[in-house]
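Numbering (mature numbering (1 follows the signal peptide of the UniProt record, and there is no 0)), first residue to last: -15 to -1, 1 to 139. What follows is a set of notes on a single structure, which appears directly below.
Here you go:
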């Protein structure tokens, strides 16, 4: 009796650690139990998959909302920081008298354009998954816009 109990304990421990563990020493009863356990596990897995799908949809919506909120906040913060930096740069340039006013204005415009490009690209990457086609067209539009601006600037 003690030996059979020990064997059962050993086999159950092995089955917990390693899936589909087949030992030659297993009794017929143990095999039957193992099959039942496998069936139960499969059913649980199916239920978990369904739940995961629902959770994924909810998570996707939450992620979309969070990313848009974060991007808006980041855009506000970045624009504020950029404006502060521009003011500092302009003051420095004016004090040193190395550049004229038009040059400083051109520098400001170029820097703001670069920052806007970076922010747009970040937003596109954040929201690319669900709206693939829309963001594809949007990306083309931004590229055309950048090209036009570069031509005008040069």
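Cβ coordinates follow ideal geometry from the N, Cα and C atoms, glycine included.
Hey, how far is the Cα of residue 105 from the Cα of residue 96?
About 14 Å.
Just the Cα atoms here: how many angstroms apart are residue 56 and residue 94?
Rounded to whole angstroms, residue 56 to residue 94 spans 22 Å at the Cα level.
Name the residue from 52, 92, 127 whose alpha carbon lies nearest to the alpha carbon of residue 140.
A question about residue 140 goes unanswered here, because the residues of the chain that appear run from -15 up to 139.
Residues near residue 74 in its chain [Cβ-Cβ closer than 6 Å; skip 5 each side]
Hits under 6 Å: none found.
Taking the alpha-carbon of residue 91 as reference, which of 45, 47, 134, 46 has the nearest alpha-carbon?
Out of 45, 47, 134, 46, the CA that lies nearest to the CA of residue 91 is found in 134.
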